[in-house]
Structures are given as structure tokens and as C-alpha cells.
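2 protein chains.
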Amino acid sequence: MQITQQFDISINGHSEPRLIRLRQRILARVARQTGVPVLGGAPALFIECAGPGADVQKLGEDESYTLTIDNRKASLRAPNPLGILRGAETFLQLIEQDESGWSVPALKVDDQPRFAWRGLHIDVSRHWQPVDVILRNLDGMAAVKLNVFHWHLSDDQGFRMESKRYPQLQQKASDGNYYTQDQVRMVIAYARDRGIRVIPEFDIPGHASAWLAAMPELGSAPGPYSIERRMGVFDPTLDPTKEAVYEMLDGFIGEMAALFPDEFFHIGGDEVTGKPWKASASIQAFMRTKGLKDQHDLQRYFNQRVQAIVAKHGKRMEGWDEILNPGLPKDIVIQSWRGQKWLVDAARQGYSGLLSAGYYLDLMHPAGQHYGVDPLDPSAGTLTPAEQARILGGEACVWTEHMPPDIIDQRIWPRLAAIAERLWSPAAVRDTDSMYRRLEPVSRWLETLGLTHRASFEPALARLAGSGPIDPVRTLAEVVEPVKDYARHLKSGRRYTQFSAFNRLVDAARPESRKSKEFEWAIRAKNWPAVRAMLERWRDNRPQMTGLLAEAQPLADNLNRAAQLGLDALDHKPVSRAALDELRKPKAELLLSIVPGIELLMAGVD
Amino acid sequence: MQITQQFDISINGHSEPRLIRLRQRILARVARQTGVPVLGGAPALFIECAGPGADVQKLGEDESYTLTIDNRKASLRAPNPLGILRGAETFLQLIEQDESGWSVPALKVDDQPRFAWRGLHIDVSRHWQPVDVILRNLDGMAAVKLNVFHWHLSDDQGFRMESKRYPQLQQKASDGNYYTQDQVRMVIAYARDRGIRVIPEFDIPGHASAWLAAMPELGSAPGPYSIERRMGVFDPTLDPTKEAVYEMLDGFIGEMAALFPDEFFHIGGDEVTGKPWKASASIQAFMRTKGLKDQHDLQRYFNQRVQAIVAKHGKRMEGWDEILNPGLPKDIVIQSWRGQKWLVDAARQGYSGLLSAGYYLDLMHPAGQHYGVDPLDPSAGTLTPAEQARILGGEACVWTEHMPPDIIDQRIWPRLAAIAERLWSPAAVRDTDSMYRRLEPVSRWLETLGLTHRASFEPALARLAGSGPIDPVRTLAEVVEPVKDYARHLKSGRRYTQFSAFNRLVDAARPESRKSKEFEWAIRAKNWPAVRAMLERWRDNRPQMTGLLAEAQPLADNLNRAAQLGLDALDHKPVSRAALDELRKPKAELLLSIVPGIELLMAGVD
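Chains as they are written, first to last, in this note's numbering: chain A, 4 to 609; chain B, 4 to 609.
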């Protein structure tokens, strides 16, 4: 079906403002994707929505849709607006150029999600993320059909939410970087328009430095407390033995429960060190009185009290896997960050859960690795169908220790699209090569929404290059990746804080090098002229490694060396494995990502 | 002087909110340029402003400043805030990387502009430009020390200003795309904060299709009138014989004069076809009665009436060179778009004027060509000093026939920086090679302000490439330029309208190819390995020229051919000049910009 300048949308059946706004968004996006000013007038996309959705989007609400496209028109049908939203993204994703302009291919799609809970968690505490960052990522989430935004609003490094009842929280613990309640309402409405639930997290009783900077009297230790500037796991913890803590939480959770309409309320609950509890005579006495034998018992007591408060305000409690305890009611949800095991345990014990282990985008793993992680993995195969049904889905997590707002998009995208597909599509859709082929067009498409994961690259390179040439810096930056897992936290010898500058090559480099992948594909395809051209370019690449780039000179040298090894392998000359292994070592917190390709070449090019 | 994380600014002497906001902007820009979160606390830039500026920025107001930087601190002094604003941009432009971080070099600058009027004219009628486009270009203007924003608010293709007295103007003649008066006040305040005067233009009596779409009763012909969608010169003209026209202009100009504080008010006056005047018996009769012998006489009569209205509302009238006539008072200003001759004529006749001929950015000329145009060129050498003093400066012009908002920045920048230097710096600063060396860092620096002249390139290429590889499309796009002068209007065989799609290679390509310049420099420097590498890359470049790119296949082929010719020349093989001339022909409205370099090679490489 051609997309003409007169392209228009007709809404039939049930209508509501959310669908009318969707129509405007689709028209604007078609114009943006094609570069054609869309004048409307000739309906070609016919939307038919059978009925309204829930007033507050529900977990498990029907998201199915049918999209039928022939040579003349497209028809999008769904039982409720959520399905229309999902199908509209499919339609937009299908727009492609042809000789006469733009079109969508004839097809029929019957589509629905595999998991009901498909989320993205963003930590806005360690590095403040302004509202526009949130909004553009909500657009991206909607594009890949995610439906939960998990907003990590408090942590040691800052309390990011305005409280009218306890204004000292934002006044003393945010550096002025917090969301007003009006902004939060706007974000929630924006998310609802896109079929996304918003779940706030206020992490307690640990990760509470910011909280206690505002309310030191609620701490387990005498203090003083201040906003934590370093990154890591810290001791400040709410005192579970003080009634004042529960009074404050009752007031605060009540205020937040009225603001956030979603059914769930996330209380964190992770990484409690227990040290201030051990150090406090009164807390130890309390534990003896109550028969609480260790810190886990005390946290279980705290969680039970908090759960009662959350339930009183009409919400179901959610927490990280540390909160899993048979003493809590079965309507809570466990978010597993430490491993799939906890998810299976929770399901066996009758608890619902979702998977985040394996979906930590800040650990810089390749999209293919995340794509291979399934909330219902083989270990879940031993569960009964009823137990399996308790595994609701998954959430990708972004922890922002090293991510100011100008970097966060490229740390999330396009890899999140691969996780989103894992959570939406049937389990059998798991061809990683196919995913990678489709990921690049999706990445380009996502940027038409205003995401900056691609656009942020050039300004970062320009800053690094100073007044020198950018091209050779780009050639290097395209084939390096930040070190993986927690290496930047633990092995770099640097101590990052909230005030660190993230202006180095490791910050500009993308988590996964597309160029290195293309190199490997060219090798597998035995496209030797292309392989040789790449290697020669890398061998001869001589960026000016001055200023901020000076630290990465060894990496630039290693690229030249690696390319020479590759050329030698291509020419059937002997190549030393030791020399290659030397090139695997991280430099300036970066890995040379063409090394696996060179290794492939060495394994035999014939 | 090092720029540390504690960098701060101290304001001494006269202070005012404009300077306090400047301080905030400088701190934010230092952080953005360096990527270092600036915490402040240790003043290193000491600003000393001797006194206040004019309440409304005046033509010729002192903009001088002195900037002194040593190893420990920078001192910026000026007689008034304008000089401080200019000096601050110099300071920011000096920030560079060094081995230990960021610094500004020790130096002393005594600086002041050569011309008092240094402007940019933007046509927002032919293609609507939203407020954010205006704001980011004001930031860019301030960065290169321009001081007049000439806002072309009405033309045949749309009336872009809210009138409360005549709301039919925006209601019937803008498609809803107009600036509210609140937005205009905000833009004026934003500009004042940056030392920029704002002059509105409402083009009369010609270029009036939009005006007459709202008020057909004021036309020289019976109508009907409608917003013009095509581009060109059109007949709709206000009727200079109707008193109702002057009554309306009195009301409208009165309303606008209260809104725009600047001393000058631009009435256009260009390109009156005269046809509807010739065709109207009543207008012809009026001319006979008044003794007006031709259309120029009638327009002079009109201009005299309008000038009286403009003066009544406290403004000095400005117009395009067609309004020059001894019947007008000497306080008007003539803007010369047709040639330097009119400027010299005006000065001789006692009129002030400014130069725009030679500064039309939409004609796609190279920065070096604009840089060579001087408002006081040799033809002005015959003027007396008093006459020369009437030549106030110049204005770059952007006419937006082919420029939707996503393209306009790259049509303006970085070339405007070269014009800005011509208007600011001493006449003797005219080394074009030096300008080009400095233009690239300035271009990068300008984008840290939010301009999109560089950032817009990749999304445009991605759209052209569809799901295919972008790299070879970029390689082609980097070495082509849109056809020059009015070729796109007159010679392309296409009839562009306000609704045309500007999504083709000619729209993505920059007006001046930096890569082609680098190619020529490499040839002049006899850097043969670099020259050969470029040529081989171009010879072997094979973009997928499908969809929107299909029309440019001949251009892609010509690049391969041109590169082979260059390689032949490099290898001392005979090269046919006829073959080279064939490659000069425009294809898909684009020129292959490496041809001059190939010609250089052919002229002899030894």
C-alpha cells in the first residue's frame, strides 16, 4: 500500500481522546519517517477499536491486535485501545521506501504478547535524568511494545520526587534535581497515552542515604547523613525498630499512592548491609525481644510492616528478590535481579515474579546475550503450569552510575529492542542472526522518535577530537566497547562519583560495536575484499590521541596491530596466538571488539 | 589557564539580570563543551562591566571589550554589557583540551566590531520555522557576534504574526503556523539577553498574497486571493490608491511598533510586478490624477505614505533597495539585495544602507565566496568618508523556498560564521585559507549550542539509505553539493511548493563539501598517499541507489569515474578533459564537488 501525501487515518468503533491523540502522533511520525509533509484527506489506515480499556491500565490487559494490509488500505483491529497502540507501532515500523515513494507491504499480522509484564527500569538517582529523557524513552518503549516503566526515584545519591507532606526530602536530598508532582502526573499521562504503566520505586530500608540526609532521625545509626556522591553499596538504613519510621512511611506512601495510579508499588528492599543494625545496641535489643535472629529476620519484619502500609493504601507491594519470604502475602511481586533461581523459587512458593537478571543494560553485554535470556528458561521447565503462570515477564534495568543524560540513550538503545522482542514474541522466535539483521533498521527507526542513541555519537567524538580530524577517531571508536560487567566499578582503579566527567572514549563508545559484527559477518560470508578493506583501514588508522584521548593511545596502537594480524591470517602467514591474546587486554576501560573477528580469521579462512 | 571542575565567574562593577543570566549560560556551556560537571566555587573568569547599556539596544552601541588571560585567571572588561556578551563568546571559543584537561590560552584581546549592523535575515513565510529554530539560531548568531535578527514575517506563502487588531491575518493566512505575541516578546527578550536587535519585516505592497487572503478588499485586483503555495514572484499587491490600505497599515504598524522595541521597522518593498496596477482602470486613473508616470512612481507614493505612518509610530523605516528614492527622508535604511551598486548609490544620496547582495546563504555558495564580499568593496572606495560611514554593515539572508525546519540549520551554518567575521573583523583579515582552517572547529563549537547543522546529516542519510548500509551513502553525500544560485528554482524542471518533500540527497547534502576541500588541500600539500586513499575509496564506493536515491545513480557513477580519472592523473596516465567536463554536469540537482580537485591533479602533480 502506498503512503501518499494524502495519507490519513479513520477511527471507527469505540473512540476516546487517547486514540485521537494516537492518530495525530501517527500522522506526525509518518511525516517524520518519510520526510513527506502529510496533508491528509484520504484515509488509508482504518482503525477499529471494539471497546474501551481499563481506566487504569491493568497487568494482563488485552494487548492483542490484527493488522491487515492490502494494496489499497490497512486495517487495524483490536479489542481495546492497547492493542491499537501496539498495532500502530507495527504499522509505522513497516513503512519502507520503494521506487515511487513510500509504502507498507501487504500482509496480515495476528499479534499478542507472550508476557504481560515487559518493562524498563531507569535509575534517576545516581545521575539525574530530566523529564525529557524520560519522555523520549517512553516513546522508545512504546515503539518496541514495552508496557511498564519502573521509575527508580530514590537511592543513596538523591531523592528525586517532590513530597508535599515531607518537602525536606526534595529540599535536602536532591540538589534541586527532582520531579514535581505536576511533572509526574504529566509523565503518567504521557505513558498511559502510549500503553505504559508507571511504577514508582522508593528503595527502603537500605540505599537510604538521601532519605536520611533529609530525615536523619529515622536512621539506624546516629548519623550525620548526607547525599552519597560515591557509587557502591552503603550503610545508611532506615531503623526498622522506630515507630516514627512507619508513621512517616504511612504518610509518604499514602501521598505517593494517590499520585501513582498503578496497582503496584515498589519498595526496593535490596542490598541491606546490616552493619548499622549490628552496631546498634537498641536494635539488637529489639531483635532479641521480638525473637528476630538475624538481619534477614529483621528485614522480613520491616517488610511485613511496610506491606501492611502499602496494602492499606490500595497497592500491591513489589520488591527486589531479597524481600522474598514466606511471611509475606502471596499478592506481592518479586523482581529477580540476582538470578533466575529466585524467580523459580518465588513461583514455587506461590509468588509472582519478573526477571531482571540477565537484562542489566548497564553491564554492556551484547544484544544477543540479552536476547538469549528467557524468563521461562530451562530451569523453569520443572515448574507446574500454574507455577509458570506466576512468571509475569521481565524488566530491563538501567543503573546510571556512569550515565549522565547525554549518554543514557545509547546505553539503552538499540539493545533494549532485543529484550523487548524476547518478552513479546513467542519463545520459538530466537534466531540471533535474524535479530541482529533487524536490529539496525529498528535502531534507525527509533531515532525518528527523538531518541539520541545514534545522534549522541558525533558530538562526543567531536569533543574528543578537539580541533583535530574526527574521521580516524570515529574509526577507532566504532570498534571498541566499554569493559563488561562491573569492571568499571571494580577494576579500573578509578573511583567514579556523581561529579565525575563522562567525556572519555569509554563514554562515547557504544556498548556493542556494530562494525565489529559486520566484520565477523563479512568473514563468515567469505567476502574477502570487504574483509581486507576493513583491515587495511584499521591498520592504517592514525587518530591524534591527544588530550582526553591520550589514555587510549595503546588501544589505537592495538587496533593497528590487530588489523595487521588479521591481514597476515588472510594471507596465510603464521599468526601468534599470544600476540592476539595481548590485544584482549582492556585499555582505558575499553575492549578492542574486532579481536573475535581476527580469531575467526585465524581459525581458517578457506 | 586551566578550566577546573570548580570554575566560576565573578561579576564586578555594574551588574544587571542580563549579566547574571549570562553567567549561568557560560557555566552551562563550559560544562557542555568540556563534558565536565562544573561545580563552581573558584572564580577564574572575572567580569568587569563599567556601566549599563541602553534600555533598547541601539544601532552603534559600544560592543568593545578587552579579554586578558594569564596562567591563573581571565579578566573580561567592557564599557557596557554588550561588550561583555561579545567577550564571553571569545572566551568560550578559546576553550581547548590539553593533556591535563581543559584550558584557555594566555592572551590579550582588544576587540571591537568594524560594522555596527551585522545581521541574519530568516524568511519564516515560505517554510514555517517554529520558535525553537529561531532560538537556537539566535544562540548561534550571538556566538559569532552578530547583532541583528531580521525576521521576515510575511510573504506570499504565509502571514506568521499574530495581530490582535486584525486577527484575520493569522486566522486566514497562516495555516495555524504563526508566532503569538507572547512568543514574540519571549524571542525579543531572548535576543536582547544575547545582544541582538530584532527587526520585523512585513513585506508591502508586493509579496502580499497571504495578506490579501485575509483582507481581499485591500488588493489591487478583484481577487479572489489565497495563500500562495508555489515559489516565485507573484502579482497580488496592496492597492496604493485606497485610503483603507493606509488606515489598516496605521493600525497594524502601530500594533507592531508597540511590540517590537527596535528603532527600525522593515517594510520590504521588493519585487512589485506592477501588473495588477497596469490592469486596473481606477489605479491608472489615480496615477494620471496624481501625475505618477509609472509603477515606480506609484510605489514611491506608497512608500512616502507608509514612511509617514512608520515615523508616526516612532520608527525609522527600512526597506529593500527598490525603495531607494530621493522623495524619502534621509533617516531610512536601504538593504541592498540586488548588488553593491545600490548601496553606493544610496550612500551618495545621503541614505544609510547595508549589504545583503553576496550574502544569500540559500544560493549555496562556498563560505570563501561570501567571505570575499565586503560592504566597503573597491566600488565604495570612491565614496567620501562621510558617505562610507553611511554603509552600516551587512545582513546574511536565508530564503526558505527549499528549507523546512530540519534542514535550515545546515543551510545557514557554518557558512554564516565566515560572513560574521567579515562584518566584525578588520578589513585586512581576509586570508581565506585561514578562515577555512578555523571554520571547522567553529562549526563543531556552534553545535554545542544546540544548532543541528551537523547532527541533521546522519538522520537524513539514514532515511535515504532505508534499511541498507549508510556508510557508502555518506561517502557519496560528503562530496556532492546542491546546484548553485537559482538553478533549483529555474533549471531543475521541478516545481517546488510549500508542500514538497525535502527528503532527497540534494536536501541532505551540505552547501559546501568539506571533504572536497580536504581533498584539494591534500593535493596542494602533495600528500599523495592521502590523495590516493581518498580516490580509491571514491572509485570503489557502491551505495545502494534505490528508492529516493535512484535519481542520483548517475552521480554515484560519476564519483567512481572522477576518482578513476584522478588516479590516472596521479599515475601520469593521460586523462581526457572532455571526460572530466562531462562530470561537471548536475545530476539530481547536485554537483560533484571533487571535480575541481581532479582538475588540480590533472594540471600537474609533480
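A virtual CB, placed ideally from N, CA and C, is assigned to each residue, including glycine.
Taking residue 77 of chain A as the centre and dropping the five residues before and after it, the same chain places the C-beta of 4, 47, 48, 49, 70, 71, 94, 107 closer than 8 Å to its C-beta, in chain order.
Per the Cβ contact rule, the segment 287-301 of chain B is not in contact with the segment 309-317 of chain B (fewer than 3 Cβ pairs under 8 Å).
For residue 320 of chain B, the beta-bridge partners assigned by DSSP are B:268.
At a cut-off of 9 Å between beta-carbon atoms, residue 82 of chain A makes no contact with chain B. Counting the other CB atoms within 10 Å of its CB gives residue 100 of chain A a total of 16 or more, which places it among the buried residues. At a beta-carbon threshold of 8 Å, none of the residues of chain A lie near residue 547 of chain B; the nearest stands roughly 11 Å away.
For the segment 92-117 of chain A, residues whose beta-carbon sits nearer than 7 Å to a beta-carbon of chain B comprise 99, 100, 101, 102. A direct Cα-Cα distance of roughly 12 Å separates residue 18 of chain A from residue 81 of chain A.
Put simply, the backbone Cα of residue 27 of chain A is about 46 Å away from that of residue 438 of chain B.
Straight across, the Cα-Cα distance linking residue 193 of chain A with residue 497 of chain B is about 42 Å.
In chain order, 100, 101, 102 make up the part of chain A whose C-beta sits under 7 Å from the C-beta of residue 550 of chain B. Assignment of residue 433 of chain B by DSSP, reduced to helix, strand and coil, places it in the coil class. Counting other Cβ atoms within 10 Å of its Cβ, residue 111 of chain A stays below 16 and is therefore classed as exposed.
Taking a C-beta cut-off of 8 Å against chain B, the contacting residues of the segment 447-459 of chain A are 447, 450, 451, 457, 458, listed in chain order.
Flagged as an interface residue toward chain A: residue 506 of chain B, by a C-beta distance shorter than 9 Å.
Any Cβ of chain B closer than 9 Å to the Cβ of residue 466 of chain A would place that residue at the interface, and such an atom is present. In the three-state reduction of the DSSP assignment, residue 351 of chain B falls in the helix class. Ranking A:398, A:429, A:428, A:545 by CA distance to the CA of residue 415 of chain A puts A:398 first. By the 16-neighbour rule on beta-carbons within 10 angstroms, residue 489 of chain B is exposed. For residue 10 of chain A, no alpha helix (DSSP H) encloses it; the enclosing beta strand (DSSP E) starts and ends at 10-16.
Contact check for residue 350 of chain B and residue 390 of chain B: beta-carbon distance about 4 Å, within the 8 Å limit, so the pair qualifies. Within chain B, 102 have C-beta atoms less than 9 Å from the C-beta of residue 553 of chain A, given in sequence order. Collapsing the DSSP output to three states places residue 262 of chain B in a helix. Annotation for residue 138 of chain B: the continuous alpha helix (DSSP H) segment containing it runs 134-146. Counting only runs of 4 or more residues that sit fully inside the segment 153-226 of chain B, the alpha helix (DSSP H) segments are 171-176, 184-196, 212-217, in chain order. The beta-carbon of residue 39 of chain B is placed less than 9 Å from the nearest beta-carbon of chain A. Taken through DSSP and simplified to helix, strand or coil, residue 230 of chain B comes out as coil.
Boundaries cannot be given for residue 340 of chain B, as no alpha helix (DSSP H) includes it and DSSP labels it neither H nor E. Counting along the chain, the unbroken beta strand (DSSP E) around residue 71 of chain A starts and ends at 68-72. Boundaries around residue 523 of chain B are those of the alpha helix (DSSP H), 517-527, since no beta strand (DSSP E) includes it.
Of all C-beta pairs linking the segment 231-243 of chain B to the segment 150-165 of chain B, three or more are shorter than 8 Å, placing the two stretches in contact.
Contact between residue 83 of chain B and residue 56 of chain B is confirmed by a C-beta separation of about 4 Å, below the 8 Å threshold. Distance between residue 358 of chain A and residue 343 of chain A, taken at the CA atoms: about 7 Å.
Using beta-carbon distances, residue 510 of chain B counts as an interface residue toward chain A, with a partner under 9 Å. In the DSSP assignment, residue 366 of chain A falls outside any alpha helix (DSSP H), carrying neither H nor E.
Residue 78 of chain B: member of the beta strand (DSSP E) spanning 77-81, first to last residue.
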